[in-house]
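A short worksheet on the structure shown next.
Numbering (my numbering), first residue to last: 42 to 117.
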């Protein structure tokens, strides 16, 4: 229990020491998006046991659309 409290304290104070460069913000955003994706699969498979590929389809369409828009408009 004491280890969990220390870990939570470290996680709570981590933003104070973080380096907010565009690279790390982009990396954090990507980690959170894929974490949410994994959490959705955990809820779906854990509760019902049904494998749905709809989540993957939405993620794939969003990635493809983002790639096309970035290539055409040349935004970073």
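Positions of the beta carbon are idealized from the N, C-alpha and C atoms, including for glycine.
Bear in mind the structure is a predicted one, so any value in this text is a computation, not a measurement.
With a threshold of 8 Å on Cβ separation, who are the neighbours of residue 116 within its own chain once the five nearest residues in sequence on each side are excluded? Position 75 of the chain shown, counting from 1, holds the residue named residue 116. Within the same chain, residue 116 has close Cβ partners 110.
Rounded to whole angstroms, what is the Cα-Cα separation between residue 102 and residue 52? In the chain shown, residue 102 corresponds to position 61, counting from 1. In the chain shown, residue 52 corresponds to position 11, counting from 1. Spanning the two alpha carbons is a distance of roughly 33 Å.
Residue 57 to residue 43 span [Cα, whole Å]: Translated into the one-based positions of the chain shown, residue 57 becomes position 16. Translated into the one-based positions of the chain shown, residue 43 becomes position 2. Distance between the alpha carbons of residue 57 and residue 43 is about 22 Å.
Would residue 85 and residue 93 be called neighbours here (beta carbons separated by less than 8 Å)? Counting from 1 along the chain shown, the entry for residue 85 is found at position 44. Counting from 1 along the chain shown, the entry for residue 93 is found at position 52. Against a cut-off of 8 Å, the Cβ pair of residue 93 and residue 85 comes out as a contact.
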